[in-house]
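Heads up: the structure comes next, in structure tokens.
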Amino acid sequence: MAAQVLDLGVDLADPETFAKDDLGAYWRRLRHEDPVHWQPAAAGRPGFWVVSRYADLMTVYRDPARFTSEQGNVLVTLLAGEDSAGGKMCAVTDGARHREVRNVLLKSFSPRVLAPIADRVRRNTARRVARAVLLGECDFAAEVSEHVPMATVSDLLGVPESDRAFLLERSRETLSSGEAGQSEEDGWSARSDILLYFADLMEQRRGGDAEDVISVLVNARINGAPLSREEIVLNCYSLILGGDETSRLTMNDVVHTLAGEPAQWQALREGEVGADSACEEALRWATPTMHFGRTATERVLLGDREIQPGDIVTVWHSSANRDETVFPDPDRFDLARTPNRHVAFGYGPHFCLGAHLARVEITALLDALRRFTSAIEVAGETARFHSNFLAGFSRLPVRFTPDKAGLSAFAAELKAER
Ligand code: HEM
Numbered sequence: 061m062a063a064q065v066l067d068l069g070v071d072l073a074d075p076e077t078f079a080k081d082d083l084g085a086y087w088r089r090l091r092h093e094d095p096v097h098w099q100p101a102a103a104g105r106p107g108f109w110v111v112s113r114y115a116d117l118m119t120v121y122r123d124p125a126r127f128t129s130e131q132g133n134v135l136v137t138l139l140a141g142e143d144s145a146g147g148k149m150c151a152v153t154d155g156a157r158h159r160e161v162r163n164v165l166l167k168s169f170s171p172r173v174l175a176p177i178a179d180r181v182r183r184n185t186a187r188r189v190a191r192a193v194l195l196g197e198c199d200f201a202a203e204v205s206e207h208v209p210m211a212t213v214s215d216l217l218g219v220p221e222s223d224r225a226f227l228l229e230r231s232r233e234t235l236s237s238g239e240a241g242q243s244e245e246d247g248w249s250a251r252s253d254i255l256l257y258f259a260d261l262m263e264q265r266r267g268g269d270a271e272d273v274i275s276v277l278v279n280a281r282i283n284g285a286p287l288s289r290e291e292i293v294l295n296c297y298s299l300i301l302g303g304d305e306t307s308r309l310t311m312n313d314v315v316h317t318l319a320g321e322p323a324q325w326q327a328l329r330e331g332e333v334g335a336d337s338a339c340e341e342a343l344r345w346a347t348p349t350m351h352f353g354r355t356a357t358e359r360v361l362l363g364d365r366e367i368q369p370g371d372i373v374t375v376w377h378s379s380a381n382r383d384e385t386v387f388p389d390p391d392r393f394d395l396a397r398t399p400n401r402h403v404a405f406g407y408g409p410h411f412c413l414g415a416h417l418a419r420v421e422i423t424a425l426l427d428a429l430r431r432f433t434s435a436i437e438v439a440g441e442t443a444r445f446h447s448n449f450l451a452g453f454s455r456l457p458v459r460f461t462p463d464k465a466g467l468s469a470f471a472a473e474l475k476a477e478r
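Throughout, my numbering is defined as the position within the sequence shown, counted from one, plus 60.
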């Protein structure tokens, strides 16, 4: 089949594209008519490939030798021409070094190390949701989801309680803030504050035997040599980048979706579907990271398109997770969907390190919702995240109807613990 070039006037590099349009029809058309699509260069930025089918996305993810992450793995860095963390931060490192650093990080992600963290996630989430339900009406994004993932990442890193407010505040100011029009300087200054903070913490943990990520990274030896300071600090920071907004946006999205899907909400509440299966559909539906990207290292044929060395190749989870060849009736939110092989966590050697923790967070939220509230309504104007990378709500006013029996049982549990 001859390659087709579709120009539907959609600029995927522009965050406004996602703020104003529902791209469902656009993705369907690309999957059918131009699955490996060329987004042409525009003022000040190069063109890039847009991969929309599930199977093609897997081909790219499986092959880090021909599709490298080292020049960046999101449009912002890829279009800028480089990622200064390339070769140092796990997510933007390939080959042997990636495997070595990922193996070091995995020590902090073992089931034994994660068990107490997961336990705290469940308690923290239950408390926050119970409090929000008792408030009746609140901005769910500010009251609940802003706090859970950041507390989880802080637990992983072993950030002391007293520093967490600082970390939350500075990370909110980094470039990926939910507000449009935020200055780039504010973002950079917040980012360097966080990096300096980790550099300081790193020195305090040197020589210790704790199992938090900072201690593990600073005390690790790879082939007898320690990791560089930059590698340590950037990999700590990458957990904030990777673990905070993604989980937050998924939590907001599932609350919003359940408010509009009363039958699904009832099925969850009455235990007809389990929280584990619901969590997978919540992830597929939210798909908080819309794309990731790679750079081709050699000439590759993908579908019927010829990709040249140096070309930017973006793979779109938001499309692959609705690919009708993999998900029957893909635009139906179905908490009982099985199988549900979504790619919200990516695939291949860079598969999300935090997937288990993210699942714990989302499952804990679903459990708490079904225990403490009988109904969820959207209670005001929502605001969307402004980004070409992350999708979801930055403001989500909701009204909860309390489930008095569930809340009383929880209050009794808390009392018994004291
Ligand atoms: C990698 C998504 C939560 C840490 C990834 C990738 C995706 C992803 C798609 C692959 C990136 C690529 O191939 O270039 C998500 C989603 C989450 C989530 C949707 C929540 C709903 C977390 C959490 C953490 C985390 C909670 C840490 C606590 C990481 C790290 C990597 C990664 C370190 C890089 C792994 C590597 O390069 O080997 N994530 N993530 N993520 N994620 Fe997550």
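Every residue gets a Cβ at the ideal spot worked out from N, C-alpha and C, and that includes glycine. On a predicted model such as this, the values are computed, not experimentally measured, just so you know.
Any non-hydrogen atom of ligand 1 closer than 8 Å to residue i Cβ
i, result
"V111", "no"
"V28", "As shown, the chain starts at 61 and ends at 478. That puts residue 28 outside it, with no answer to give."
"V403", "yes"
"P176", "no"
"E321", "no"
"F226", "no"
"G284", "no"
"C296", "no"
"E421", "yes"
"P457", "no"
"R162", "yes"
"P95", "no"
"G302", "yes"
"P369", "no"
"N133", "yes"
"P171", "no"
"S288", "no"
"T355", "no"
"H410", "yes"
Among the options, the one whose alpha carbon lies nearest that of residue i
i, options, result
"T310", "A79, E160, V136 and E206", "E206"
"F258", "W109, F226 and G196", "F226"
"E233", "R224, P322, G247 and D223", "G247"
"R401", "E366, G320, V96 and Y114", "Y114"
"A90", "G363, S468, D74 and A270", "First, the residue type needs correcting, since residue 90 is Leu and not Ala in the sequence shown. Of the listed residues, the one whose Cα sits closest to L90 is G363."
"A396", "A211, A338 and T385", "A338"
"S468", "T185, L194, F108 and N133", "L194"
"D383", "V111, P348, S298 and P75", "V111"
"R251", "H446, E229, Q264 and L261", "E229"
"R266", "R289, L256 and G284", "R289"
"V403", "E340, R180, T137 and N448", "E340"
"F470", "T355, A156 and N184", "N184"
"Y297", "V273, G284, A327 and N133", "V273"
"R88", "H410, L135 and N381", "N381"
"I254", "V293, S434 and A270", "V293"
"L301", "L474, C198, S231 and A175", "S231"
"A443", "L139, S307, Q131 and A201", "A201"
"Q264", "E245, V173 and L217", "L217"
"L299", "D143, C412, A319 and K80", "C412"
Buried or exposed (CB count within 10 angstroms, at least 16 for buried), residue i
i, result
"E305", "buried"
"D71", "exposed"
"P124", "buried"
"G238", "Residue confidence for G238 is low, a pLDDT of 45 falling below 50, so the modelled location carries little weight and cannot support an answer."
"S500", "Outside the displayed range of the chain (61 to 478) lies residue 500, so it cannot be described from this structure."
"N295", "buried"
"M61", "A caution first: M61 carries a pLDDT of 37, below 50, which makes its placement in the model too unreliable to give a value."
"R430", "buried"
"T433", "buried"
"K148", "buried"
"L68", "exposed"
"G104", "exposed"
Per DSSP, cross-strand counterpart(s) of residue i
i, result
"G353", "T374"
"P462", "T433"
"L362", "R365"
"E197", "R459"
"R289", "BP columns for R289 are empty, so no partner."
"Q99", "F108"
"F127", "A356"
"F453", "R444"
"I282", "A285"
"V276", "V276 pairs with nothing; no bridge assigned."
"V438", "V458"
(request) Count the CB pairs spanning the stretch 403-416 and the stretch 162-177 that are closer than 8 Å, and state whether there are at least three. (result) The way I'd put it, the stretch 403-416 does touch the stretch 162-177; three or more beta-carbon pairs between them come closer than 8 Å.
(request) Give a yes or no on contact between the stretch 370-384 and the stretch 104-121, applying the rule of three or more CB pairs nearer than 8 Å. (result) yes
(request) Evaluate contact between the stretch 440-454 and the stretch 210-219, counting only Cβ atoms and requiring at least three cross-stretch pairs below 8 Å. (result) no
(message) Using a Cβ distance threshold of 8 Å, determine whether the stretch 214-223 contacts the stretch 330-337, with at least three qualifying pairs required.
(response) no
(message) With three or more C-beta pairs closer than 8 Å as the rule, is the stretch 348-361 touching the stretch 422-434?
(response) no
(request) Count the CB pairs spanning the stretch 356-371 and the stretch 93-105 that are closer than 8 Å, and state whether there are at least three. (result) Result yes; three or more Cβ-Cβ pairs closer than 8 Å.
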